[in-house]
Structure formats: C-alpha cells, structure tokens
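Sequential numbering of the sequence shown, starting at -3, is according to the working numbering.
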Amino acid sequence: MSGMRQPRRFRMNAARHRVCSFLLLAAGACTPALRTPRTGPFPLNARFTIVDFPPPPARIETLPPDPGPRCVWVDGYYSWQGRRWSWVPGAFRTQQPTCYRSEMSLAWVPAESGALLYYAEPGWYEISSNKAGTTRALTSEECAPTPKSLTDCRQR
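What follows is the structure, given as structure tokens:
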C-alpha cells in the first residue's frame, strides 16, 4: 500500500469560500419569482368524481412573457372528460382578492370490490369564515378572469 497515492482532500481557503457563497446567493437572488395564485384546501362541499385511472404526468409548459405584477400563473392540469384525461393549458390570470384556488386532488378509497379513485378538479373558491367548512365554488372568470389586455396585468 505504500506505493498507492492517497487522494488529496480538497481544501477551500476562507476567501474562496466567501466568494463561492456570494456567487451562489447572488445567482438565487437573480432568479425571478413566479407569482402563483393564493391556494387553500378543498371545502367540505367540493365535488369529487370517480375516475378509472390516474392522469398521466403533468406536461412541461413554456411560460409566455410575464404580462405584469397583477397577474398570477395558473398551472395547466389534466381534466377528466368522460372516460379520458384532457390537458388544460396553464395561463396568466388576474386573481380577485376574495378568492383562492385548490389544486387537483386524487384519493384512493377502499371499497368492497377494490379501491375507488376519486378526483377533484382544480377549482376557485370564495374566501369565507363559514364555520361549517363549506364555501361557494366560483368560476374561473369570477375569480381569476383572463386579462383582456396587458394593461390589466400592469396596473397596480
């Protein structure tokens, strides 16, 4: 073993360590944050559907240019249409302050003949202080309308 060379340990002096740390932090700070909608849980009265099989993996979407600070990005998702999954593409929307969004949910539930797969489509709900845990479901256009022009996204 005396003829084998021992690997040298990499040592970073304090100055190099500070420079590398700074560069890593600076790179993270330069990454723009994607504005997403306010989210929350499904209310107790959310509508679930029994589906035959889970959706395929989500698609990778290329985001269009950011239209402005008042718009949020809503991810695309698979929607159950009869007996198949159909892709609904993502989009920038203008979210109303009285709304929140629940993302898609899947749940396997035991049954006598095996398990059933329940699906809840992403939805928009009214923010309320209802103690019963129910809330009113809203449409996308009520809660997060598609911007009619870029000025809808740029206004503060």
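Where is the CB? At the ideal position from N, CA and C, for every residue including glycine. Treat the numbers as computed from the prediction; the structure is a model and nothing was measured.
| Check | Outcome |
| --- | --- |
| Bridge partner(s) assigned by DSSP for A116 | S101 |
| Buried or exposed by the 16-neighbour rule on C-beta atoms within 10 Å, applied to G24 | Caution is warranted here: a pLDDT of 48 is assigned to G24, below 50, making its placement in the model unreliable, and the coordinate value is therefore given only provisionally. Burial call: exposed. |
| C-alpha distance - P141 paired with Q91, whole-angstrom precision | 7 angstroms |
| For Y73 and P85, the rounded distance between their alpha carbons | 7 angstroms |
| Same chain only: Cβ atoms within 8 angstroms of T35, ignoring 5 sequence neighbours per side | Y96, R97, S98, E99 |
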